[in-house]
Amino acid sequence: MPILVMKFGGTSVANPDRIRRVAKRVGVEVAKGYDVIVIVSAMAGKTNELVNYVEETSPLFDAREYDAVVSSGENVTAGLMALTLQEMDIPARSWQGWQVPLLTTSAHSAARIVDIPTENILRKFDEGMKVAVVAGFQGVSPEGRITTLGRGGSDTTAVAFAAAFDAERCDIYTDVDGVYTTDPRICEKARKLDKIAFEEMLELASLGAKVLQTRSVELAMRYNVKLRVLSSFEEQSDEAGTLVCDEEEIMELNVVSGVAHSRDEAKMTLISVADRPGIAAAIFMPLSEAGVNVDMIVQNISEDGRTDMTFSCPTNQVARAEEALKKAKDSGEINFHDIVEDTNVCKISVVGIGMRSHTGVAAKMFKVLSDEGINIKVITTSEIKISVLIDRKYMELAVQALHDAFELDKAA
800 MPILVMKFGG TSVANPDRIR RVAKRVGVEV AKGYDVIVIV SAMAGKTNEL
850 VNYVEETSPL FDAREYDAVV SSGENVTAGL MALTLQEMDI PARSWQGWQV
900 PLLTTSAHSA ARIVDIPTEN ILRKFDEGMK VAVVAGFQGV SPEGRITTLG
950 RGGSDTTAVA FAAAFDAERC DIYTDVDGVY TTDPRICEKA RKLDKIAFEE
1000 MLELASLGAK VLQTRSVELA MRYNVKLRVL SSFEEQSDEA GTLVCDEEEI
1050 MELNVVSGVA HSRDEAKMTL ISVADRPGIA AAIFMPLSEA GVNVDMIVQN
1100 ISEDGRTDMT FSCPTNQVAR AEEALKKAKD SGEINFHDIV EDTNVCKISV
1150 VGIGMRSHTG VAAKMFKVLS DEGINIKVIT TSEIKISVLI DRKYMELAVQ
1200 ALHDAFELDK AA
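Shown next, in the form of structure tokens:
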């Protein structure tokens, strides 16, 4: 039998009524002749509740016990889903990560998938099981301890299962009905895309679009797993949602496919750093070791042997970055005059594979922002992306203006 992977997020399985609703959707696919692997998240809000319990009990918690507690939310959902399917006379059983087993590294709360042996689940399919309900977000370490994959890890679990079992497709059911050209809450002209290339989706996911977890898109692109993003709250057709696929499967590529935004950005500048070989490594190694996620980097022109170094990072990592840099200064690794922070900025990005063969995208973007009186603080580019930092108060205006300028409300 062909295998289909279906993943349901927390809002889709928020209560027994919603679980019954998605179980009926699984039943439709079983009736079509599929053996189905269902990946489930914890019920909406349950993971946050469990995290709070851990932090309240032990502020300096053991990460291994954190994973043992936090992973339990998915176990509950998997069991309830299997019971619901059984009540519908569909042969189903639940699987926890260690039972599959989904093998991971030992990095608790941020583990990475190493392997998914298929023998156990395939044997049960051969014995008549039609649905394997797998608890997402979790696995087992080489030491035999429960691990978790980080927030949003159920998406990664689903794609990894689709790759391991050579599934026909991986359907990600969520509370939105697909991938849009931008956030519909900001721009009412936002249009749902029928198809989007892996690379475009990867850029959008990493730039703030929260439809899919970045690691899941990376995995899908590496193993060429067809992803479909759908709403679990709407009636579906075979063409519903957005298909994330190889660019060769898309007939006409827009120059720009989407506008992404990230609200929680900060800009940090080291004033008057010695301009010498190795200075960039001396600055960014301590930041890396402190777990600071550095994004955009700009170095000013050197003057009298000194320069300024600017970079962006998430706002919740500013204090950590500042502490790491001051320690590096105190130890003599780097020397700078001051650190200037700006936590009232946001990142706006335009993304599109069509940029590879079209010129003038950057010029058009900058002209649009200029016409709206928006000053650009930092610019970075890649082959299919242009990102800028601007004042946060202009975020919605910038998104709407760029969406209009690139006519993203119109199909290619």
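Every letter in the sequence shown is one number past the one before it in this note's numbering, and letter 389, counting from 1, is 1188. Cβ atoms here follow ideal geometry from the backbone N, Cα and C, with glycine treated the same way.
From Arg824, Val812, Ile836, Asp816, residue whose alpha carbon lies closest to that of Leu803: Numbered from 1 along the sequence shown, position 4 holds the residue referred to as residue 803. Residue Ile836 is the option with its Cα nearest to Leu803.
CB contact flag (Leu1086, Val1097, <8 Å): As a first step, residue 1086 is located in the sequence shown; it is residue number 287 there, counting from the start. As a first step, residue 1097 is located in the sequence shown; it is residue number 298 there, counting from the start. Their beta carbons are not under 8 Å apart, which means Leu1086 does not touch Val1097 by this criterion.
Integer-rounded CB distance, given that Ile1070 should sit under 8 Å from Phe1110: Within the sequence shown, the letter at position 311 stands for residue 1110. Within the sequence shown, the letter at position 271 stands for residue 1070. In fact, because the Cβ distance is near 13 Å, the residues do not count as touching under 8 Å.
Where Asp1094 falls: helix, strand or coil (DSSP): Locating residue 1094 in the sequence shown gives position 295, counting from the first residue. Here Asp1094 sits in coil by DSSP.
Unbroken beta strand (DSSP E) run spanning Thr1180, endpoints: Looking up residue 1180 in the sequence shown gives position 381. Residues 1177-1181.
Option in Gln898, Tyr979, Tyr1193 with minimal Cα separation from Thr1041: For the purposes of this step, residue 1041 is taken as residue 242 along the sequence shown, with counting starting at 1. Of Gln898, Tyr979, Tyr1193, the residue nearest in Cα terms is Tyr979.
C-beta atoms of Met928 and Arg892 nearer than 8 Å: Sequence index remark: in the sequence shown, residue 928 carries index 129 (1-based). Sequence index remark: in the sequence shown, residue 892 carries index 93 (1-based). Going by C-beta atoms, Met928 is nearer than 8 Å to Arg892.
Supposed close pair Leu1018, Ala959 - CB separation, criterion 8 Å: Within the sequence shown, the letter at position 219 stands for residue 1018. Within the sequence shown, the letter at position 160 stands for residue 959. About 6 Å separates the two Cβ atoms, so the contact holds.
Beta-carbon spacing of Val1160, Ile1189 below 8 Å: Here residue 1160 corresponds to residue number 361 of the sequence shown, with the count starting at 1. Here residue 1189 corresponds to residue number 390 of the sequence shown, with the count starting at 1. No, the Cβ-Cβ distance between Val1160 and Ile1189 is not below 8 Å.
Check whether Val1167 and Leu1207 have beta carbons under 8 Å apart: For this step, residue 1167 is matched to residue 368 along the sequence shown. For this step, residue 1207 is matched to residue 408 along the sequence shown. Not a contact, by the Cβ cut-off of 8 Å.
Where the beta strand (DSSP E) containing Arg1062 begins and where it ends: Locating residue 1062 in the sequence shown gives position 263, counting from the first residue. From DSSP, the beta strand (DSSP E) with Arg1062 extends over 1057-1073.
Coil, strand or helix - Val958 by DSSP: As a first step, residue 958 must be located in the sequence shown, where it is residue number 159. Reduced to three states, the DSSP call for Val958 is helix.
Thr917 versus Asp834: straight-line alpha-carbon distance, rounded: Your numbering for residue 917 matches position 118 in the sequence shown. Your numbering for residue 834 matches position 35 in the sequence shown. Rounded to the nearest angstrom, the two C-alpha atoms are 13 Å apart.
Beta-bridge partners of Gly938, as assigned by DSSP: The residue you call residue 938 lines up with position 139 of the sequence shown. Thr946.
Cβ of Ser840 within 8 Å of any chain D Cβ: Reference to chain D is not applicable here, since this structure consists of a single protein chain.
Alpha-carbon spacing of Gly1131 relative to Ala966, whole angstroms: Mapped onto the sequence shown, residue 1131 falls at position 332. Mapped onto the sequence shown, residue 966 falls at position 167. Each residue's alpha carbon lies about 55 Å from the other.
Residue burial classification, Ile1100 (beta-carbon count within 10 angstroms, cutoff 16): For the purposes of this step, residue 1100 is identified with residue 301 of the sequence shown, where counting begins at 1. Classification for Ile1100: exposed.
For Ile818, the first and last residue of its enclosing alpha helix (DSSP H): On the sequence shown, position 19 is the one that residue 818 refers to. 815-830 is the extent of the alpha helix (DSSP H) around Ile818.
C-alpha distance - Ala1210 paired with Lys806, whole-angstrom precision: The count along the sequence shown starts at 1 and reaches residue 1210 at position 411. The count along the sequence shown starts at 1 and reaches residue 806 at position 7. Going from the Cα of Ala1210 to the Cα of Lys806 covers about 28 Å.
Beta-bridge pairing of Ala996 - partner residues as DSSP gives them: As a working note, residue 996 is residue 197 in the sequence shown. Ala996 pairs with Cys1044.
Neighbourhood of Val1129 by C-beta, 7 Å cutoff - its chain only, sequence neighbours within 5 removed: For this step, residue 1129 is matched to residue 330 along the sequence shown. Here the sequence assigns Asp to residue 1129, which means Val is not the residue at that position. Once the five neighbours on either side are set aside, Asp1129 has no close Cβ partner at all.
C-alpha distance - Gly1090 paired with Ala1118, whole-angstrom precision: Sequence index remark: in the sequence shown, residue 1090 carries index 291 (1-based). Sequence index remark: in the sequence shown, residue 1118 carries index 319 (1-based). Going from the Cα of Gly1090 to the Cα of Ala1118 covers about 12 Å.
Check: Val958 C-beta below 7 Å from any heavy atom of the ligand MG: In terms of ligand content, the structure shown is empty, and the ligand MG therefore cannot be addressed.
Local Cβ density within 10 Å of Asp954, reported as buried at 16 or more and exposed below that: Residue 954 sits at position 155 when you count from the first residue of the sequence shown. With 16 or more Cβ atoms within 10 Å of its Cβ, Asp954 is classed as buried.
Residue from Pro1113, Lys1126, Gly1151 whose Cα sits closest to the Cα of Val1055: Locating residue 1055 in the sequence shown gives position 256, counting from the first residue. Checking every option, the nearest Cα to that of Val1055 belongs to Gly1151.
Nearest-angstrom Cα separation, counted from Thr1106 out to Asn1174: Translated into the one-based positions of the sequence shown, residue 1174 becomes position 375. Translated into the one-based positions of the sequence shown, residue 1106 becomes position 307. Between Asn1174 and Thr1106, the C-alpha separation is close to 22 Å.
Inter-residue spacing [alpha-carbon to alpha-carbon] between Ala867 and Ile945: In the sequence shown, residue 867 corresponds to position 68, counting from 1. In the sequence shown, residue 945 corresponds to position 146, counting from 1. For Ala867 and Ile945, the distance between alpha carbons rounds to 6 Å.
Nearest candidate by alpha-carbon position, reference Arg1155, set Gly951, Met880, Ser1181, Val853: As a position in the sequence shown, residue 1155 is number 356, starting the count at 1. Closest by alpha carbon: Ser1181.
Backbone secondary structure at Glu1140 - three-state DSSP: What you label residue 1140 is simply residue 341 of the sequence shown in a count that begins at 1. Looking at Glu1140 - three-state DSSP - the assignment turns out to be strand.
Span of the alpha helix (DSSP H), counted from its first residue to its last, around Ser871: Within the sequence shown, the letter at position 72 stands for residue 871. Ser871 -> alpha helix (DSSP H) spans 871-886.
Status (buried if at least 16 other CB within 10 Å, exposed otherwise) for Arg1075: Here residue 1075 corresponds to residue number 276 of the sequence shown, with the count starting at 1. Classification of Arg1075: exposed, given that the 10 Å Cβ count is below 16.
Own chain partners of Leu901 with C-beta closer than 6 Å, once the 5 adjacent residues on each side are dropped: The sequence position of residue 901 within the sequence shown is 102, counting from 1. Excluding sequence neighbours, Leu901 sits near Ile915, Gly938.
Own chain partners of Trp897 with C-beta closer than 7 Å, once the 5 adjacent residues on each side are dropped: Translated into the one-based positions of the sequence shown, residue 897 becomes position 98. Excluding sequence neighbours, Trp897 sits near Val939, Ile945.
Cα-Cα separation, Met1020 to Glu855: Here the question's residue 1020 lines up with position 221 in the sequence shown. Here the question's residue 855 lines up with position 56 in the sequence shown. Each residue's Cα considered, the two are about 39 Å apart.
Check whether Val869 and Phe860 have beta carbons under 8 Å apart: Here residue 869 refers to the residue found at position 70 when the sequence shown is read from its first residue. Here residue 860 refers to the residue found at position 61 when the sequence shown is read from its first residue. Against a cut-off of 8 Å, the Cβ pair of Phe860 and Val869 comes out as no contact.
contact_flag[the segment 872-891, the segment 817-833] where n(CB pairs < 8 Å) is 3 or more: yes
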